[in-house]
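One gets my numbering by counting positions in the sequence shown from 1 and adding 121 to each. To keep things clear, I will list the structure first and then write my remarks on it.
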Amino acid sequence: MAIAPTGQRWISIVRSRLEAMPKTHQKTFAALTCGRLIEHFERFSRETGWGKPEALRRAWLTCCEGAVGATVNKSLIEALYAECEAQMPLAERFSTPLVSGAIDAVDATCETLLFIRDDNIEH
């Protein structure tokens, strides 16, 4: 039985598979990942009373539009990026383990916005 790859090997495998996809598929994958992670931010926000999940949802919808080829205004992306970045919780301020998922959601959404803007998979 083969052992699943871990760490850098896993990242290398995922990166090579993503890079082999057409850009629209890469962006769709990124947008769908954000959609799943935003649920973590919403749980965190409900538990702590902190943050605005709707900011991430608005950004996510724009990512989805950009993923399917719609032209998205760069100034809109930059405004959404700033709004999302303001939702980044500081881990040391919260005792809930949900903070990690919330951080991942904000980071993924911000990076996907930049990917849509720059067309650069490195985001």
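By construction, the Cβ of each residue, glycine as well, lies at the ideal position given by its N, Cα and C atoms. As the structure is a computational prediction, the values presented were derived from the model and not from experiment.
Contact check, residue i vs residue j under 8 Å by CB: the rounded distance?
i      : j      : result
Ile237 : Val193 : 6 Å
Tyr202 : Leu182 : The Cβ separation is near 14 Å, so there is no contact.
Thr217 : Phe165 : 7 Å
Gly190 : Thr127 : Not a contact, Cβ separation roughly 35 Å.
Indicate whether residue i and residue j have their beta-carbon atoms separated by less than 8 Å.
i      : j      : result
Ala188 : Thr230 : no
Pro143 : Trp171 : no
Ile224 : Gln147 : no
Val227 : Leu153 : no
Gln129 : Lys173 : no
Can you tell me which of the options puts its alpha carbon nearest to the alpha carbon of residue i?
i      : options                        : result
Cys185 : Cys155, Leu219, Arg130         : Cys155
Ser196 : Asp239, Arg136, Glu175, Gln208 : Asp239
Arg167 : Glu232, Val220, Arg157         : Val220
Arg214 : Thr169, Glu204, Thr127         : Thr169
Does DSSP classify residue i as helix, strand or coil?
i      : result
Gln129 : helix
Lys173 : coil
Thr145 : helix
Asp240 : coil
Ala191 : coil
Ser166 : helix
Ala207 : coil
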